[in-house]
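Chemist: Mind having a look at this structure? Questions to follow.
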Amino acid sequence: LYVLNHHGGIYLDADVFVLRSLERWQRCAFAMGVDSEMPKLNNGLLIAARNSTFGQRWWHNLTKWDGFGWDVHSSEYPYANCKRWPESVAASPLLGTLAPPQNRPNGLSAAITRSGVARQLLLRDRDALHMTAFDKWVEGGEETLWELVKHALNSAVEHSGGRHTLTPAQGECVDHILRSGVRRMYTGRALRQQVVSAAKYRRKEAHGS
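The opening residue of the sequence shown carries number 4 in this note's numbering; numbering runs sequentially from there.
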């Protein structure tokens, strides 16, 4: 938040998947996802202009944080600010969270786990997905999670201009992720393999072989 206030930009948690361009949200002074099932804003995806009023207020409050109640300061406080000064932030479910289905058996996550139609509607409408409690997603909604991840990856490739525009190293990373599946995608070993593969291709490209 400090960096965003000073320079502007986009912050993403590692378990956020971007489905389409976030450019329209960059026209806002500050943008975050809203959790449609809880009174919170999504602190895993922040889009901000430099020196935004919303960001400055939030940072001022965080400077008083005593190390306890992180969720209150990072999700509930910005939600309260949004309710009080709605003109200062674009809060949208299009950038929101998806909790694991076992956490909310009657919520959206459970619905998209049960229904392919609901899943397709979600992917059609959302600009980004923040898959909170990722480990629980792996355990309780692995098949659905993998479909969402593959969709996000293929969308990114498409928006970059297509597979033919990727370097060999980028193409190898994409293939490795698609081969790995959810359970291996975030393990240290899988990540190291992606880095090593990319490094090998870079060396080959540098030597013209």
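Idealized CB from N, CA, C, for every residue including glycine.
The structure presented is a predicted model; accordingly, all values stated were derived computationally and were not measured.
Helix, strand or coil: which one does DSSP assign to T168?
Modeler: Along the sequence shown, read from residue 1 onward, the residue named residue 168 stands at position 165. Residue state, collapsed to three classes: helix.
Chemist: Looking at the strands, I want to know which residues DSSP matches up with F292.
Modeler: Given that the chain is displayed from residue 4 to residue 212, the structure contains no residue 292 and the question cannot be resolved.
Chemist: Using 8 Å as the threshold, is the C-beta distance between A93 and W140 below it?
Modeler: Residue 93 sits at position 90 when you count from the first residue of the sequence shown. Residue 140 sits at position 137 when you count from the first residue of the sequence shown. No, Cβ-Cβ distance for A93 and W140 is not below 8 Å.
Chemist: Give me, in chain order, the residues of the same chain whose beta-carbon lies closer than 6 Å to that of H133; leave out the 5 immediate sequence neighbours on both sides.
Modeler: Position 130 of the sequence shown holds residue 133. Within the same chain, H133 has close Cβ partners V19, N45, G47, L48, T100.
Chemist: Just grab the DSSP bridge partners of G144 for me.
Modeler: Here residue 144 is taken as the residue at index 141 of the sequence shown, counted from 1. According to DSSP, G144 bridges with nothing at all.
Chemist: If you run the structure through DSSP and keep just helix, strand and coil, what is G119?
Modeler: Here residue 119 corresponds to residue number 116 of the sequence shown, with the count starting at 1. Note: G119 maps to helix in three-state DSSP.
Chemist: Going by C-alpha to C-alpha distance, which of S77, P108, I50, L97 sits closest to S39?
Modeler: The residue labelled residue 39 in the question sits at position 36 within the sequence shown. When only C-alpha atoms are compared, the closest one is L97.
Chemist: Taking all protein chains shown into account, decide if N157 is buried (16 or more other Cβ within 10 angstroms of its Cβ) or exposed.
Modeler: The residue given as residue 157 occupies position 154 in the sequence shown. Counting the other Cβ atoms within 10 Å of the Cβ of N157 gives fewer than 16, which makes it exposed.
Chemist: Pairing CB atoms from the segment 175–183 with CB atoms from the segment 143–157, are three or more of them under 8 Å?
Modeler: yes
Chemist: Mark D69 as exposed unless 16 or more other C-beta atoms lie within 10 angstroms of its C-beta, in which case mark it buried.
Modeler: In the sequence shown, the residue the question calls residue 69 occupies position 66. Exposed: under 16 other Cβ atoms inside 10 Å.
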